[in-house]
Structure formats: C-alpha cells, structure tokens
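Engineer: This structure is in structure tokens; I'll ask about it shortly.
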Amino acid sequence: MSVIYFIFQQTMLFTIPLMIVALGGMFSERSGVVNIALEGIMIMGAFTGILFLNLTGGSMSGQLQLILAILIAMVTGGVFSLTHAYAAINMKADQTISGTALNMFAPAFAIFVARVIQGVQQVQFNNTFRIDSVPVLGKIPVLGPMLFQNAYITTYLGIIILLVSALVLYRTRFGLRLRACGEHPQAADAAGINVYRMQYAGVVISGALAGLGGLVFVVPTSTNFNADVAGYGFLAIAVLIFGQWKPWKILGASLFFGLMKAVAAAYSGIPFLASMGIPSYLYKMVPYIATMVVLMFTSKNSQAPRASGIPFDKGQR
Amino acid sequence: MKRRVLAVLMAAAMTASLTACGGGGSAETTQAAGGTETTAAAEQEKAAGETKTASEPSDGGYELALVTDLGTIDDKSFNQGAWEGLTKYAEENKISYKYYQPQEGTTDSYLETIGLAVEGGAKLIVCPGYLFEEPVFLAQDQFKDTHFILLDGEPHSGDYSEYRTNDNVMPILFQEDQAGFLAGYAAVKEGYTKLGFMGGMAVPAVIRFGYGFIEGAEAAAAELGVSGIEVMYNYTGAFAATPEAQSMAASWYQNGTEVIFGCGGAVGNSVMAAAQEKGAKVIGVDVDQSFESETVITSAMKLLSNSVYDGVKAFYDGSFPGGKTSVFTVENEGVGLPMDTSKFETFTQADYDAIYAKLVAGEFELVQPSADNIDPTADLTVSATTIKYVE
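Keeping their order, the protein sequence lines are chains S and X. Its first residue numbered -14, the first sequence is counted upward by one per residue in the working numbering. Its first residue numbered 5, the second sequence is counted upward by one per residue in the working numbering.
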C-alpha cells in the first residue's frame, strides 16, 4: 500500500504546478488572449519567490514564509504578464510573438538580477515547508496518507484554486463576460462589456497563477533555483489543450500527465513496476501520444475559445 | 489561425524540451548570449562578493585569461574550480587576470573569444571543458606565442582525424574513476549497503565516475567480507534539476537506497531535495558540495583549482609541461574526498589515507568504459555487488 501512497504523493509534485499554470492559461485564453508566455512567467514568479525565501531564510521559516513567498510570486507573475497584455490588447501585437519575447526575457532577467544581488546565478533556499503529517487529517485511513502526509500547503491551495476557478468561470457574471470576450468580443462589446478590461483581467489572472505555479514547481524539486522550470510552462499549455479549456477536464489532464510522469521517473524504485520490464520511454511517451490522439479527434469541433489569439478590433463586425 | 497558433506552440514546446535536455541548459545559453566581454566595473566587483571578475590591468593588458564554456565562473563546478586556481596564483603573484565568455557554444565562437583574450594581452589562457578540444587545436597554431591550459580534453581536429598537442598547450585530464572509487569505498565502509548512482548525460567523465563508484563499493565489500551490496544506476540524460530526477531519487530512497551519488551538475540538487524529504544521504561531485545541503556526506572531487594553479605556476617558473597530456590522479593529488567537511561516523581519516595509498600504489586496477558502451553491467564483473542498471 505504501507504494501507492508514494506514487500518489509524487504525482502531486507534477500535477499541482501543471494544473495551476494550465488554469492560468485557461483564464487568458477564455478571455481571447493566447498566453504562451506561461513558461517565462513561471520563471519570474519562481525567481522572486525563491529570492524572498533566500533573503529571509535566516530570520523566518515555515509556512508563513511560504505564504508570503506565494503572494510575492503571484504579484510578480501578474505584473510581468501586464507587458504581454499591453502588447496583445492595446498594441494588437501578434500574441505568439509577444509571448515568446517574455519567454526569452525571463531567464535572462532572473540570471542578471541574481548575479547583481548575490554574485552567483543560483538562488539557494532552505526547504522548511514540507508537512510530514497534517494533524488529525493525516490519520484518516487511505485518504490520510494520500493527501495529508508528506505534503505541501500548495497542494491544498491548488485544489482551492481549482474550485474557485470553476466557480468563477461558470457561476459569476465576471466569468460569463470573460467567456463571451473569448468567443465573440464584438458581441460582448455591443452588449456593453468593456472587452479590453476583461482581457486585461484574464491575462493578469493567468500571470498570477503562472507565477505561483513556478514557485510551486521549484520548491519540492531542488535546493536552488537556476532560472529554469524545465519546459513545464509549455507542458501546461498541452495540459490546457488536453483539458479542452475546461477546469475539471484540466484537473483530469494534469492528473493523467502527473501520474505518467511520476511513474516514468519512479518506476525503477517500485519493485512490481521494475519487474514488469516496460521501458521507461513508454511511460514518458504516453502523455504526449494521448495529447495528439485527443487533438486528432477533437480538432473538428474544438472547444477552443473562438476569438482566442485574434486581437480585438472594435470596428470589425 | 487557430491551427497556426497551435503549430507554433507545439514547435515552441519541442524546442523548449530540447534545450532543457541539452547539457548546459537553456538558461545558461541565454546568459552566454549576453556579451562577449565581461566588464570589470567596480560596482560589479563589489556586488559579486566572493567572485572577483578581473584584476586591475597592467601595462600589457590582462596576462592570465580564462574563457568559459557554457557555464559561468560561479557554476559551483567546472569553470569556478578553474577560475579559483587561476585567481589564486594571480593574486599571490600580482599578475593581471580576466575572464571572457563566448557568445555561444560553437567552435567559431570559442576561437573568436580566444582571439579576443590574446588581443587583450593574454599570455596564458585557461580553457575548461572538453568542448574546447577543437578550438584549442586550431588556436595552438594561430597563436603560437600564447600558451593554453585545456581541462578535460586533448586538442584534436574537428573530424577526429588528427590529434596533436603543440608545445604551447597543456591538456589536463582527470581520473574520475579514482574519485568515484574513493566515494564508493567510503560509503560501503561507512556501513551503507544500498547505494545509488544518478549521472547526468552519459559523457566519458560521468561514466568513469560511475564505474569507479561501483568498483570502490565492491572493493570495500571484499575487504569487509560482506556481500549483497546493491547499486541502482542511471543516467538522467541532462544536467538539470527536474521533478523527474527528484522523483527517481525519492523512489530509490523509498525502496531502501541509503545514499545516492548525484553525479551531474544540478541533478545533484534534485537528489538533495529528495534526500531531505526522505531523511537520506547524498554524495556530491566535482567540488565540495557539503555546504549546499545537510544531506551531503562527502563529495567525489576533482581538484580543478590545484591542477590549474600548478599549470599556471609551471608556466611562470619556466617549466610549462606543454606538448603532452597531464593526467591528474591520486598520485599527484588531483582527485579525492574532502575529509574535513565529510560527515562520516566510522570511516576515519586513517581509513581514507590507507585506501588512498593503496590507490597510489596501483593495487586496484580500475576498468575503463569500453567504446560505445555506457552500461556498467556489460563492462564490470562484480561478485559482492548487484548492479541494477536503469535505462
């Protein structure tokens, strides 16, 4: 049984950041702006968050420090994404290009600032945030070891974000308007909605979530941050497409990706998987093959927001 | 439109994953594109703290130069070790020095940067990394009056048809297998029976580390008369910290592995993260990594700074050993474990000195990796140790 708990805990390390970032991408695309800058925003969020952990390492530790770092990462991500929003919404720039620009800028900026501040580009941090077992909840059979042992508060934060996202998108006026802007901004405009403001909101939410995702990604994975999130921002976009721009399907997609990634990485330490003799390449391939298959079958009636990627032009009808 | 965006996306994702796999990592490449010549501005020196970027230029420019490969001079590994050796000698003897960073990791770019260093007045140029084999091969003819120290490689032409080392070049190689051997030996002597090896890319240096590690464990097991030593063995394929590396290390620890030799740059950081989670131990690589995490019990070191220091010193003493390859081994204390910072309980300094002496005396014959093979089970014959090679 402990092996299953272990795989589940490892799966969470992959799933939660992917899900948070993919949900961020969802808000942006649902408002009609493609955001492929997720990777770069993750790096920025992780950088400022980790830098905060590094600078306050001696004077504070534990969950409060992590929560402050989370806030800083989210603010950074939000602010950084404003540049993308400005280019894409006000300047009507090609959104792929401005996103790519952010992706190229972020690692360079992180390295430069790190070196100016502390002389080396790797930002060290001390991981004091792992919770061995949540009081009371950790003792629940089955669920306890899966969700409440060897966990991070970011896991629960991710679940809260998922619930709130689903609620906001489908049960609030804001969500309805956001979706309208992504489907047919001219119609939304005619109905009196300020399309620019909605798109700004979508992009900034995506930036905040991507920044958070970057921090969540780095903390359990390493002991320092080296301006790199290993392409997980792009992977989150694959999750977003696989999840068909819908919160619950994104959860499913990120769980699937996470599980496959965890199994591919950890199978050698799990006796019954190691003895099956399936090469790790197979596990590594499955999520991508699945994405392509899903794309093949859904491209005809794709659920993608219709106006996604097209700059909003007021005069066009 | 949609389809085009998707196509661009997929392409971007692919390039991203490719660069993420490629050795140095995308971050470093981007950084290298920053500029050819690092400025020696005073503020930067102040901000840089420990790492000084250049000295005051003397009349003839900067006499000692280092051209970095894909890393930077504070990569906590290769470049930094070389840089420390160079600056140590330069500071002691009041010689001007400076480092240059190529724009990109190509032979042309390296050669161009070497040219820049020569123009800047360099008499001796240190080139760390096997990527410099070809640039130095070309530069040794182009700049006959300049001397070169080439770390981890021997100059050869681009198609490997010609190996030639002129008198103005001093190639330095390390016997990584001996460092790995010491680490494996110490781990088993310390009482660990379940070991792990996680390499980066399967380049010769990493493979030698891994082989030596297994042979060291085997030797200690034979000495102690125990059997049933287990070594999990894997090359992650990149020098990056990823959740994949963390997960693999965590799964090994979960399955009973007690100590993992993290042998591949940032891969080690992922192993340390997993070790912190599982309360297990790590062996570091290249330089003393004990300050990076509490979990690091020792490090299989290449004493880069010593070798560079010796080379620079020889140059100024007029006994530059150019024209032939210098191999740094246990014999000239080019590899070893940092016993001062190691956290051993039963493995003592005396034990270390004893095994070191035996290595020097050549009592162990270490198997070299055969060509085109990275699988230790194919090359090594072990009796007390079981190797579990994970592809």
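Built from N, CA and C at the ideal position, the CB exists for glycine as well.
Select from the region 260 to 272 of chain S all residues with a C-beta closer than 9 Å to any C-beta belonging to chain X, and list them in chain order.
Structural biologist: Those would be Pro264, Ser265, Tyr266, Lys269, in chain order.
Engineer: Residues of chain S with CB under 7 Å from aspartate 321 (chain X), in chain order?
Structural biologist: Within chain S, no residue comes near aspartate 321 (chain X); the closest Cβ sits about 32 Å away, beyond 7 Å.
Engineer: First and last residue of the alpha helix (DSSP H) that includes phenylalanine 219 (chain S)?
Structural biologist: 217 to 227 is the span of the alpha helix (DSSP H), which, as asked, contains phenylalanine 219 (chain S).
Engineer: Apart from the five residues on each side of it in sequence, which residues of its chain come closer than 6 Å, Cβ to Cβ, to alanine 304 (chain X)?
Structural biologist: Closer than 6 Å at Cβ, skipping near neighbours: Ala183, Gly184, Ala187, Val289.
Engineer: Just mark asparagine 172 (chain X) as buried or exposed, buried being the case when its beta carbon has 16 or more other beta carbons within 10 Å.
Structural biologist: Burial call: buried.
Engineer: Report the option in S:Ala22, S:Thr61, S:Ser16, S:Cys166 whose CA atom is closest to the CA atom of isoleucine 35 (chain S).
Structural biologist: Of the listed residues, the one whose Cα sits closest to isoleucine 35 (chain S) is S:Thr61.
Engineer: Is it buried or exposed for aspartate 73 (chain X), if we count other Cβ within 10 angstroms and need 16 for buried?
Structural biologist: Result: buried.
Engineer: Counting only the same chain and skipping the five closest in sequence on each side, list residues whose C-beta sits under 7 Å from that of glycine 53 (chain X).
Structural biologist: Unreliable placement is indicated for glycine 53 (chain X), whose pLDDT of 38 sits below 50; no coordinate value is reported for it.
Engineer: I'd like the list of long-range same chain contacts for threonine 0 (chain S), defined as Cβ closer than 6 Å, with 5 residues on each side in sequence excluded.
Structural biologist: Closer than 6 Å at the Cβ level, and outside the excluded window around threonine 0 (chain S), lie Ser239, Leu240, Gly243.
Engineer: So what does lysine 306 (chain X) bridge to, in DSSP terms?
Structural biologist: Lysine 306 (chain X) is bridged to X:Val339.
Engineer: Examine chain X for any beta-carbon lying closer than 7 Å to the beta-carbon of phenylalanine 297 (chain S), and answer yes or no.
Structural biologist: For phenylalanine 297 (chain S), the answer is no, since every Cβ of chain X falls outside 7 Å of its Cβ.
Engineer: Can you tell me whether DSSP reads asparagine 377 (chain X) as helix, strand or coil?
Structural biologist: Of the three classes helix, strand and coil, the one that applies to asparagine 377 (chain X) here is coil, per DSSP.
Engineer: Would a C-beta distance cut-off of 7 Å place tyrosine 93 (chain X) and lysine 317 (chain X) closer than the cut-off?
Structural biologist: Yes, the Cβ-Cβ distance between tyrosine 93 (chain X) and lysine 317 (chain X) is below 7 Å.
Engineer: Contact criterion: CB-CB distance below 7 Å. Does threonine 208 (chain S) meet it with respect to chain X?
Structural biologist: Yes, threonine 208 (chain S) lies at the interface with chain X (some Cβ there is under 7 Å from its Cβ).
Engineer: I think serine 309 (chain X) touches phenylalanine 332 (chain X), with their Cβ atoms under 8 Å apart; what is that distance to the nearest whole Å?
Structural biologist: With a Cβ gap of about 11 Å, serine 309 (chain X) and phenylalanine 332 (chain X) do not count as contacting.
Engineer: Should the region 170 to 189 of chain S be regarded as contacting the region 112 to 120 of chain S, the criterion being three or more beta carbon pairs within less than 8 Å?
Structural biologist: Short answer: they don't touch.
Engineer: Against chain S, does proline 247 (chain X) count as a neighbour if the rule is that its beta carbon must be under 7 Å from one of theirs?
Structural biologist: By this cut-off, proline 247 (chain X) is an interface position.
Engineer: Spell out whether any CB of chain X is found under 7 Å from the CB atom of serine 239 (chain S).
Structural biologist: No, because no Cβ of chain X sits closer than 7 Å to the Cβ of serine 239 (chain S).
Engineer: Since isoleucine 218 (chain X) and threonine 389 (chain X) are thought to touch, with beta carbons under 8 Å apart, how far apart are those beta carbons, to the nearest angstrom?
Structural biologist: The Cβ separation is near 6 Å, so the contact holds.
Engineer: The beta strand (DSSP E) that contains aspartate 344 (chain X), what's its start and end?
Structural biologist: Note, aspartate 344 (chain X): premise wrong, no beta strand (DSSP E); not H, not E.
Engineer: What did DSSP end up calling isoleucine 391 (chain X) once you bin it into helix, strand or coil?
Structural biologist: Isoleucine 391 (chain X) falls in the strand class under three-state DSSP.
Engineer: Within the 7 Å Cβ cut-off, does glutamine -5 (chain S) reach chain X?
Structural biologist: Yes - at least one Cβ of chain X is within 7 Å of the one on glutamine -5 (chain S).
Engineer: With DSSP collapsed to three states, give me the class of methionine 45 (chain S).
Structural biologist: Note: methionine 45 (chain S) maps to coil in three-state DSSP.
Engineer: Less than 7 Å separating the beta-carbons of glutamate 337 (chain X) and valine 364 (chain X)?
Structural biologist: In this structure, valine 364 (chain X) does not lie closer than 7 Å to glutamate 337 (chain X) by Cβ.
Engineer: Taking Cβ positions, are threonine 329 (chain X) and leucine 128 (chain X) nearer each other than 7 Å?
Structural biologist: No.
Engineer: Is it true that the CB of glycine 25 (chain S) sits closer than 7 Å to the CB of serine 293 (chain S)?
Structural biologist: Taking 7 Å as the Cβ cut-off, serine 293 (chain S) and glycine 25 (chain S) do not qualify as a contacting pair.
Engineer: Answer yes or no: do phenylalanine 133 (chain S) and glycine 123 (chain S) have a C-beta to C-beta separation smaller than 7 Å?
Structural biologist: Yes, these two residues count as a Cβ contact at 7 Å.
Engineer: Classify alanine 375 (chain X) as buried or exposed, calling it buried when 16 or more other Cβ atoms lie within 10 Å of its own Cβ.
Structural biologist: Burial call: exposed.
Engineer: Could you name the residues that DSSP lists as bridge partners for asparagine 238 (chain X)?
Structural biologist: Looking at the DSSP assignment, asparagine 238 (chain X) forms a beta bridge with X:Met202, X:Val394.
Engineer: Around the Cβ of isoleucine 365 (chain S), are there at least 16 other Cβ atoms within 10 angstroms (buried) or fewer (exposed)?
Structural biologist: Residue numbering for chain S in the displayed model covers -14 to 302; residue 365 (chain S) lies beyond these limits and cannot be assessed.
Engineer: Output needed for glycine 232 (chain X): all residues of its chain with C-beta closer than 8 Å, excluding positions within five of it in sequence on either side, in chain order.
Structural biologist: The answer, listed in chain order, is Thr197, Ala388, Thr390.
Engineer: Touching or not, the region 54 to 70 of chain S and the region 226 to 236 of chain S, by the rule of three or more beta carbon pairs under 8 Å?
Structural biologist: Because the criterion of three Cβ pairs below 8 Å is not met, the region 54 to 70 of chain S and the region 226 to 236 of chain S do not touch.
Engineer: Can alanine 7 (chain S) and alanine 221 (chain S) be called in contact, C-beta distance under 7 Å?
Structural biologist: It is a contact, given that the beta carbons lie within the stated cut-off.
Engineer: Which residues mark the beginning and the end of the beta strand (DSSP E) in which lysine 269 (chain S) is found?
Structural biologist: Counting along the chain, lysine 269 (chain S) falls outside any beta strand (DSSP E), though it belongs to the alpha helix (DSSP H) covering 265 to 283.
Engineer: By the three-class DSSP mapping on this structure, what secondary structure does valine 173 (chain X) have?
Structural biologist: Note: valine 173 (chain X) maps to strand in three-state DSSP.
Engineer: Does the structure place the region 249 to 260 of chain X close enough to the region 221 to 231 of chain X that three or more beta carbon pairs sit under 8 Å?
Structural biologist: Output reads no: the region 249 to 260 of chain X does not touch the region 221 to 231 of chain X.
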